[in-house]
Every structure is written in structure tokens, then in C-alpha cells.
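The structure appears below as C-alpha cells.
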Amino acid sequence: MIELSHLRKEYDDLIAVEDLNLAIPTGEIYGLIGPNGAGKTTTIRMTCGLLSPTQGTVHVAGVDVLHEPEQAQQHIGYLSDFFSVYETLKVWEYLDYFAHAYKMAEEKIAARVTEVIAQVGLEVKRDALIRGLSRGMKQRLGIGRAIIHRPKLLLLDEPASGLDPKARFDLRNLLRSLCDQGTTIVVSSHILTELEGFCTSIGIMEKGALVRSGRIEDVTAAANPARTLRVRWIGDSSSTVQSLLQQDPLISGLIVQSTEGEFQFAGTEDQLSKVLNNLVTVGVKITSFAETRQTVEDLYMKLSGHQVM
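If you read the sequence shown in our numbering, its first letter stands for residue 2, the second for the next number, and so on.
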């Protein structure tokens, strides 16, 4: 869906983005993460055609965004971190206005406006003036504006900024729904918990460069070849657990305390099942045996070099 090749953006002596190469497949929810000033917003604006790169190329759905901008815009929906609304318009009027701006067929606009209002959960506010909407509702309306023309790609810059927890939950559900319907989504954020359990792939940016990119499970596996497992039990079995696990050459970093233990495991699923079976066989009453998944924040801190040891 997106192909960025040797993308670079300079502002006088500042290099905002440097030699960025990125390909995002169709159907992904791609999280572009990094601190403020990392180059996320600049990258998104070049992708949607709002900024021209100093060098490099941008293709969306096979279309050159720089040389075929009007055709490219038919595939792109974009919502900036701070966006304006026409507060004296009603919700349906606002979407109707942008449907016309995207030159949609007149006979299809009314039905599409009604469909989008339902999609973003604003049915009860259809005839309300925008100035009376909450921050979360305005955010939904902004997304409605961005998808009114059925784009293949949705670019969102810090979409959860300023939203309360309930509004953020609703936003994640809305974006998952759009993805299920075939929309590829790129969402940037410097608040890493906003992307947890939500994105299918991530890109980590630092000082204008892409540090790592890929599906979360692949990036995690590359950063941590050995998985972290945690085991819990009942009864006085700590010495038995420690003795048994220490004998396994696939296990490292073993820590046993009271009725729980943690270790790194470098084997296969079949080999891991044997570890559990061996514990049960010697009489350890296991209550929990599971992999500890790294959060997006853990992964970012490790790969960006900011991890506190």
C-alpha cells in the first residue's frame, strides 16, 4: 500500500527525515512510534502529499504521490494531530461538504454520509452543531471526514491526543473495524500505551531515521531470540523447580522466588511442552505457565537504546 524510497526532508540545516525506506503491505495497522521530533509527522505529511521531499519517492497504492497528486488523493484519507472543524455546521453538513470536495458522485453522497455517521458512532448527533460535540466526538467526526471517499489508506497523526480513556477505547475499536473492512491504517504516536494490542506492525523512528520496522512478532523475535516464560505453583516446590529447570540447556536467566519462577527459553514449542510435562511429572502443582509478552513500550525502549538497565 505504501512504498517510501530513499525519502529525505531537509529544513535549512535540519534533517527531519534521512534516507527512509519503508514498505507497508495492504491490510496493516502500522504504528509509527518515537519521541517528539523523531520525524513521524514529516513522514506522514510527505506520504499524503502535503510536503514535498528533498529527495526520494512516495507511492500509495501504486500511484506516485508527487507526480500524480489528484489520483493519489483518491486513495488517501488524512487526519492531522490538530485539525479545524466548521463549528456552525451540523455533523451531516460537515461530511456532506467534504464528500463534495472529494468530487463524489452527487447521487451517492447522501447515503454515504448516513453510512459514515453510523460507522463513527455519531447517529444521535447527526443534526447537532459541531460546536456542541465533545473532544472525542470531534475526533470521530474528523475520521469520518477522512474516510468519506472510501480511501484505501488512512493516515492518522497522534489521533488519541487529548482523549479520555473511554474515547481512546472507542477510537481503537473504530480503527480495528475500518481495518477489517479493508482499510490500511498508519497511526503515529509518542504515547506508546496508545498502540498496545492494537497495531499489527510498528516502525520505530529516532532522529529522522527508521531504527526498526516490521510485524510486531517479527520485531520482537529479532530483538529477543529467547522467550521469557513465567511459571507459578502451589506448595513448597521451589527447590524442585530450580533443580529441574537448571538442568535444561535451553533455559537461561532462571530466577526462582517463593512460588513463582521466570526464565528465558530458546527452544521450540514441542521442547517447551516437555518442560511443563517434566514439572508436572515430578509432582509440582502448576497453576500458571505462560510466556511474558513484551509491550510496545518495552520493545521501543530496547531497540531505541533508551532501556534503563
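Quick reminder that beta carbons are idealized off the backbone N, C-alpha and C, glycines included.
These figures come from a predicted structure and were not determined experimentally.
Distance, Cα to Cα, residue i vs residue j?
{"i": "GLY50", "j": "THR293", "result": "41 Å"}
{"i": "LEU179", "j": "LEU230", "result": "34 Å"}
{"i": "ALA39", "j": "GLY209", "result": "5 Å"}
{"i": "GLY57", "j": "LYS104", "result": "30 Å"}
{"i": "ILE118", "j": "ILE203", "result": "29 Å"}
{"i": "LEU134", "j": "ILE34", "result": "29 Å"}
{"i": "GLY145", "j": "ARG228", "result": "41 Å"}
{"i": "GLN72", "j": "LEU164", "result": "33 Å"}
{"i": "TYR31", "j": "ASP82", "result": "17 Å"}
{"i": "LEU211", "j": "LEU21", "result": "7 Å"}
{"i": "ALA17", "j": "LEU142", "result": "30 Å"}
{"i": "SER253", "j": "LEU245", "result": "12 Å"}
{"i": "GLU108", "j": "PHE99", "result": "15 Å"}
{"i": "LEU255", "j": "LEU280", "result": "15 Å"}
{"i": "GLU263", "j": "VAL257", "result": "7 Å"}
{"i": "ASN278", "j": "ALA291", "result": "14 Å"}
{"i": "ASP65", "j": "HIS191", "result": "29 Å"}
{"i": "ILE110", "j": "SER289", "result": "54 Å"}
{"i": "PRO36", "j": "GLU207", "result": "7 Å"}
{"i": "ARG132", "j": "HIS68", "result": "38 Å"}
{"i": "CYS200", "j": "ALA112", "result": "31 Å"}
{"i": "THR27", "j": "MET2", "result": "5 Å"}
{"i": "ARG216", "j": "THR44", "result": "19 Å"}
{"i": "SER6", "j": "PRO54", "result": "11 Å"}
{"i": "GLN120", "j": "ASP128", "result": "16 Å"}
{"i": "GLN74", "j": "VAL114", "result": "19 Å"}
{"i": "ILE205", "j": "SER214", "result": "6 Å"}
{"i": "LEU8", "j": "THR42", "result": "14 Å"}
{"i": "PRO166", "j": "GLY137", "result": "10 Å"}
{"i": "LEU70", "j": "ASN174", "result": "One detail in the question is off: residue 70 reads as Pro in this sequence, not Leu. If you take the alpha carbons of PRO70 and ASN174, they lie about 31 Å apart."}
Considering residue i, what are the terminal residues of the alpha helix (DSSP H) in which it resides?
{"i": "MET47", "result": "41-48"}
{"i": "GLN120", "result": "107-120"}
{"i": "THR58", "result": "From DSSP, THR58 is part of no alpha helix (DSSP H) but of the beta strand (DSSP E) over 56-61."}
{"i": "GLU270", "result": "270-282"}
{"i": "ARG1", "result": "What the structure shows of the chain is the stretch from 2 to 310, and residue 1 is not part of that stretch, so it cannot be assessed."}
{"i": "GLU207", "result": "Where GLU207 is concerned, there is no enclosing alpha helix (DSSP H), although the beta strand (DSSP E) it sits in stretches over 202-207."}
{"i": "GLU71", "result": "70-74"}
{"i": "LEU96", "result": "92-102"}
For the beta strand (DSSP E) containing residue i, list its first residue and its last residue.
{"i": "LEU156", "result": "154-158"}
{"i": "ASP22", "result": "In the sequence as presented, Asp is not what sits at residue 22; that position holds Asn. Start and end: 15-25."}
{"i": "PHE290", "result": "286-292"}
{"i": "THR185", "result": "185-190"}
{"i": "HIS150", "result": "Where HIS150 is concerned, there is no enclosing beta strand (DSSP E), given that its DSSP letter is neither H nor E."}
{"i": "VAL212", "result": "210-216"}
{"i": "ILE34", "result": "30-34"}
{"i": "GLU4", "result": "3-12"}
{"i": "LEU80", "result": "77-80"}
Does the beta-carbon of residue i have 16 or more other beta-carbons within 10 angstroms, so that it is buried, or is it exposed?
{"i": "TYR87", "result": "exposed"}
{"i": "TYR12", "result": "exposed"}
{"i": "HIS101", "result": "exposed"}
{"i": "ALA161", "result": "buried"}
{"i": "GLN247", "result": "exposed"}
{"i": "ALA106", "result": "exposed"}
{"i": "GLN182", "result": "exposed"}
{"i": "HIS60", "result": "buried"}
{"i": "THR89", "result": "exposed"}
{"i": "LEU15", "result": "exposed"}
{"i": "GLN308", "result": "Low confidence applies to GLN308: its pLDDT is 45, below 50, so where it sits in the model is not reliable, and the reading given next is rough at best. Under this definition GLN308 is an exposed residue."}
{"i": "ARG46", "result": "buried"}
{"i": "SER259", "result": "exposed"}
{"i": "GLY63", "result": "exposed"}
{"i": "ALA24", "result": "exposed"}
inquiry  = For a minimum of 4 consecutive residues, which ranges assigned as the alpha helix (DSSP H) are wholly contained in the region 234-267?
reply    = The region 234-267 contains these whole alpha helix (DSSP H) runs: 239-247.
key: Cβ pair count under 8 Å reaching 3, the region 266-276 against the region 213-220   = Because the criterion of three Cβ pairs below 8 Å is not met, the region 266-276 and the region 213-220 do not touch.
message = Could you check whether the region 181-188 touches the region 147-167, counting it as contact only if at least three pairs of C-beta atoms, one from each stretch, sit closer than 8 Å?
response = Cβ pair count under 8 Å is three or more, so yes.
message = So, does the region 233-251 touch the region 283-290, judging by three or more C-beta pairs under 8 Å?
response = Three or more beta-carbon pairs drawn from the region 233-251 and the region 283-290 are found closer than 8 Å, and the two stretches are therefore classed as touching.
Contact the region 238-252 vs the region 261-269: 3+ CB pairs below 8 Å = The way I'd put it, the region 238-252 does touch the region 261-269; three or more beta-carbon pairs between them come closer than 8 Å.
ask   = For the 8 Å Cβ check, are there 3 or more pairs between the region 138-153 and the region 62-80?
value = Yes: at least three Cβ pairs fall under 8 Å.
query = With contact counted as at least three CB pairs below 8 Å, one residue from each stretch, are the region 168-179 and the region 88-98 in contact?
reply = Short answer: they don't touch.
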